[in-house]
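What follows is a set of notes on a single structure, which appears directly below.
There are 2 protein chains.
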Amino acid sequence: MNIGEIAKRAGVSRSTVSYALSGKRSVSEETRRKIQRVIDELGYRPNASARALANGRTSTIGLVFPPAGTHYTGMQLDFIGSVVEAAAAYDYDVLLSPSGVDSDRSFQRLLGERRVDGAILMEIRLQDDRVDHLVAENFPAVSIGRTAHPDGDWWVGLDHTALVEACVHHLADLGHRRIAFVNRPEHLLRAGYESAHRGLDGFTKAAAERGLTVRTYCCGDDAPSGQACLERILHDDPATTALVTLNEAALGGLYRGLAVAGRHVPRDFSVTGVVAGRWAETVTPQLTAADVPAEQMGRLAVELLVERLDHPDASPRHHLLAPPISLRASTGPAHAHRDSGSGSGSDD
Amino acid sequence: MNIGEIAKRAGVSRSTVSYALSGKRSVSEETRRKIQRVIDELGYRPNASARALANGRTSTIGLVFPPAGTHYTGMQLDFIGSVVEAAAAYDYDVLLSPSGVDSDRSFQRLLGERRVDGAILMEIRLQDDRVDHLVAENFPAVSIGRTAHPDGDWWVGLDHTALVEACVHHLADLGHRRIAFVNRPEHLLRAGYESAHRGLDGFTKAAAERGLTVRTYCCGDDAPSGQACLERILHDDPATTALVTLNEAALGGLYRGLAVAGRHVPRDFSVTGVVAGRWAETVTPQLTAADVPAEQMGRLAVELLVERLDHPDASPRHHLLAPPISLRASTGPAHAHRDSGSGSGSDD
DNA sequence: AGCTTCCGGCGAACCGGTTCGACGAAGCCG
DNA sequence: CGGCTTCGTCGAACCGGTTCGCCGGAAGCT
Numbered sequence: 001m002n003i004g005e006i007a008k009r010a011g012v013s014r015s016t017v018s019y020a021l022s023g024k025r026s027v028s029e030e031t032r033r034k035i036q037r038v039i040d041e042l043g044y045r046p047n048a049s050a051r052a053l054a055n056g057r058t059s060t061i062g063l064v065f066p067p068a069g070t071h072y073t074g075m076q077l078d079f080i081g082s083v084v085e086a087a088a089a090y091d092y093d094v095l096l097s098p099s100g101v102d103s104d105r106s107f108q109r110l111l112g113e114r115r116v117d118g119a120i121l122m123e124i125r126l127q128d129d130r131v132d133h134l135v136a137e138n139f140p141a142v143s144i145g146r147t148a149h150p151d152g153d154w155w156v157g158l159d160h161t162a163l164v165e166a167c168v169h170h171l172a173d174l175g176h177r178r179i180a181f182v183n184r185p186e187h188l189l190r191a192g193y194e195s196a197h198r199g200l201d202g203f204t205k206a207a208a209e210r211g212l213t214v215r216t217y218c219c220g221d222d223a224p225s226g227q228a229c230l231e232r233i234l235h236d237d238p239a240t241t242a243l244v245t246l247n248e249a250a251l252g253g254l255y256r257g258l259a260v261a262g263r264h265v266p267r268d269f270s271v272t273g274v275v276a277g278r279w280a281e282t283v284t285p286q287l288t289a290a291d292v293p294a295e296q297m298g299r300l301a302v303e304l305l306v307e308r309l310d311h312p313d314a315s316p317r318h319h320l321l322a323p324p325i326s327l328r329a330s331t332g333p334a335h336a337h338r339d340s341g342s343g344s345g346s347d348d
Numbered sequence: 001m002n003i004g005e006i007a008k009r010a011g012v013s014r015s016t017v018s019y020a021l022s023g024k025r026s027v028s029e030e031t032r033r034k035i036q037r038v039i040d041e042l043g044y045r046p047n048a049s050a051r052a053l054a055n056g057r058t059s060t061i062g063l064v065f066p067p068a069g070t071h072y073t074g075m076q077l078d079f080i081g082s083v084v085e086a087a088a089a090y091d092y093d094v095l096l097s098p099s100g101v102d103s104d105r106s107f108q109r110l111l112g113e114r115r116v117d118g119a120i121l122m123e124i125r126l127q128d129d130r131v132d133h134l135v136a137e138n139f140p141a142v143s144i145g146r147t148a149h150p151d152g153d154w155w156v157g158l159d160h161t162a163l164v165e166a167c168v169h170h171l172a173d174l175g176h177r178r179i180a181f182v183n184r185p186e187h188l189l190r191a192g193y194e195s196a197h198r199g200l201d202g203f204t205k206a207a208a209e210r211g212l213t214v215r216t217y218c219c220g221d222d223a224p225s226g227q228a229c230l231e232r233i234l235h236d237d238p239a240t241t242a243l244v245t246l247n248e249a250a251l252g253g254l255y256r257g258l259a260v261a262g263r264h265v266p267r268d269f270s271v272t273g274v275v276a277g278r279w280a281e282t283v284t285p286q287l288t289a290a291d292v293p294a295e296q297m298g299r300l301a302v303e304l305l306v307e308r309l310d311h312p313d314a315s316p317r318h319h320l321l322a323p324p325i326s327l328r329a330s331t332g333p334a335h336a337h338r339d340s341g342s343g344s345g346s347d348d
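Top to bottom, those sequences are chains C and P.
Take the first sequence: its position 248, counting from 1, is numbered 248 in the UniProt record's numbering, and each next residue is one higher.
Take the second sequence: its position 108, counting from 1, is numbered 108 in the UniProt record's numbering, and each next residue is one higher.
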């Protein structure tokens, strides 16, 4: 079931079969039909490896995501799904690579062995050796998120700074004065994760502008950590009346912590942050949040990558997204909290 | 940067370089070092397509999952992650394929063009033309879930029947008499999804055994559908005191529906079902559930597939898993529901 | 009629590896 | 010292496609 076999049965040469399939040279209608009939009978499909070898393209793109030691979030799932579907629309397959860093074995497989034509990188860090490496080799890649030096690179990113600022302003407008920030886990912050850093920057900046009393926390990517984090927040400052979070996976735990502490959302406590819409709707009350457009980001990343693959000399393009905050049910006007000590309730 | 270049610079033939790398024939220590030095200098890695073409194996496995029209669930995410990592441990890459049915374009790419050595199929249906096709071709594949005729096939599955039965018995033991079953969406049930059917079977059977009054529902894979479904349940029979669900994505909505209806969990209403542990812990109160061991299933599926690839004539193996119910906080003893009409409270 | 042009098809080379058979040199044996 | 094995290496063929150069014949032109 290879091209030679087809050629033999159709009584033509291998090259004629190839041209009949690719259409890169004209083939008479008659032989074309003869060939097509044989192909249909045998259910022939050209071998992908051979094709890749011959024309130097694998028709596959790599999707590099962090290994699961870090728990996956719903947003990542939506993102993976949309990348796969968008890629399929352009006739690309998607190869998954659980890679952390540049020197990674899996990363080397993907690039060094030329398994993929291009790559999409998730979970970018401000200083990212993977990105540096790819830029140095001029390897076609698009990152989800931007490093500290995003110019001259291809990426689609979320303006975490602006989004978190918007969250803070939203809370401040509602009268909240003591706000906590729940970030991604500390090891990710230390590793320089873009969202964690820029989100924190936005929080700090907006809080300063509005003269708020704030505390920031790192929190593990799971519900129990979220619950523990919330306990810490209320322990550190019982007068806290709101929080902003980037940590989707901890959200359920944060809510539980509030329930356990007897704080009703949104009457006693407001919660907001940056979370994919589908997941913001799973909690009760539904989360007022800047909805991460994961699906759109996946699509855009693929479009950018395909463009870069088709035009190797095109100049870098990128998309910086800043979706608006969707008002749902988890934020409300601030009320002084009464039952605890620390009588710093109604300032302003 | 191909093997010929390495050979030239090392002053040996291409075959010698190949043997030095593969170790399939002895190579003198001296030339081996010479070759290795050149390779290290140039950062050479053999081209995957060429290798695949030559030895007929791509070192890639395909992961076939349903396209996202159906929303992804957390369980699927965990599963994908664990498959990728387990595969990496065996030096396999994972190619994602968003395929629905047998005739699917993407499915044909994967198999017909020999992009992968084997495949793992998610979201199996009782009558599954994909599986039939693969069995007919004796293509190395492992399914997650089993068809109506699972003998002689390779799979790892969950005993949904037994799990749902256990849930029902758990509720019956707590005194619940009127129970609802919240299944996957109707189109999936109609399409013959295994989990939906076997789960329903288990529910019906156990309910009959215990003489319970039950109703079954199909519910969309998202929070709003869950909420709507719960409203319907309480509307159809306000005396319902518990539900069993397979629908992880709707869980948040079910909880919200209960909250809106003023039913406290677990005091007024018990909730249980089959849900991955990590996600069962995100809701408040934490869900008492048969924990889907998604991570373990992914690992087992890869192990089975690798075994099948290494021993093409091995006889079919499978794993049927039936994890115990993890008691958390969402179930409790039944109490007659008072405030609504329909005074069918304490029958037994 | 003689010339060019165009069309359809063929053979060979190539992509970058792997693997088989052969062969020279060295080592071992009697 | 001659014959046999063993070791290390090489050249060639092969995997299954694509693509380039070429060629024979029919058609078009003057």
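Glycine included, every Cβ here is placed at the ideal spot set by N, Cα and C.
Put simply, the CB of C:S18 is far from chain P, with every gap to its CB atoms at 9 Å or more.
The beta-bridge partner set that DSSP reports for P:I35 is empty. Closest in C-alpha terms to C:A87, from the list C:D117, C:L126, C:I6 and C:Q227, comes C:D117. C:V274 is positioned such that its CB atom lies no closer than 9 Å to that of C:L254.
For the set C:I124, C:P66, C:W154 and C:M122, the Cα lying nearest the Cα of C:V306 is the one of C:W154.
At least one CB of chain C lies nearer than 9 Å to the CB of P:I80.
The Cβ atoms of P:F203 and P:V168 sit closer than 9 Å to each other. For the stretch 220-245 of chain P, the beta-carbon criterion of a distance under 8 Å to any beta-carbon of chain C is satisfied by D222, A223 and P224.
For the set P:L63, P:I144, P:G56 and P:V84, the Cα lying nearest the Cα of C:P67 is the one of P:V84. Taking a Cβ-Cβ cut-off of 9 Å, C:G175 has no neighbours in chain P, whose nearest Cβ is about 26 Å from it. With respect to the C-alpha of C:H335, the residue from C:P323, C:G220 and C:P266 having the closest C-alpha is C:P266. Between the alpha carbons of P:L251 and P:A223 lies a gap of roughly 7 Å. Every beta strand (DSSP E) stretch that sits fully inside the stretch 193-255 of chain P and reaches 3 residues is listed by chain position as 213-218 and 242-245. The closest CA to that of P:A301, considering only P:E165, P:G332, P:R317 and P:F269, is found on P:R317. Using beta-carbon distances, C:L200 does not count as an interface residue toward chain P, since no partner is under 9 Å.
Under the DSSP assignment, P:L134 falls in the alpha helix (DSSP H) whose first and last residues are D129 to E137.
Straight-line measurement puts the Cα of P:S49 at about 8 Å from the Cα of C:E113. C:S22: member of the alpha helix (DSSP H) spanning R14 to S22, first to last residue. Judged by DSSP secondary structure, C:W154 falls outside any alpha helix (DSSP H); it is assigned neither H nor E. In terms of Cα proximity to P:D93, the closest of P:S82, P:D236 and P:V101 is P:S82. DSSP, reduced to helix, strand and coil, places C:F79 within a helical segment of the structure shown.
In this structure P:G56 is exposed. Its beta-carbon is surrounded by fewer than 16 other beta-carbon atoms within 10 angstroms. Taking every protein chain shown into account, the CB of P:M1 has fewer than 16 other CB atoms within 10 angstroms, so this residue is exposed. For secondary structure counted as the beta strand (DSSP E) over 3 or more consecutive residues, the stretch 264-308 of chain P holds these complete runs in sequence order: 270-275 and 288-291. 9 Å or more divides the Cβ of P:G226 from the Cβ of P:C218.
Straight-line measurement puts the Cα of C:G257 at about 28 Å from the Cα of C:P323. The alpha helix (DSSP H) runs lying completely inside the stretch 41-111 of chain P and spanning 4 residues or more are 48-55 and 74-89, given in chain order. A straight-line Cα-Cα distance of about 26 Å links P:V101 and C:E303.
Linking P:V27 to P:V17 through their CA atoms gives a straight-line distance of about 9 Å. Interface with chain C (9 Å Cβ-Cβ cutoff): P:T58 is included.
A direct Cα-to-Cα measurement between C:A7 and C:D91 gives close to 26 Å.
Residue contact with chain C for P:P98: present (Cβ-Cβ distance below 9 Å to some residue of chain C).
Boundaries for C:I124: no alpha helix (DSSP H) harbours it, and the DSSP string shows neither H nor E there. In the DSSP assignment, P:I179 is bridged to P:V214 and P:A242.
Chain order gives the chain P residues near C:S106 as A88, where near means a beta carbon separation below 7 Å.
Straight through space, the alpha carbons of P:F107 and C:E123 are spaced by roughly 29 Å.
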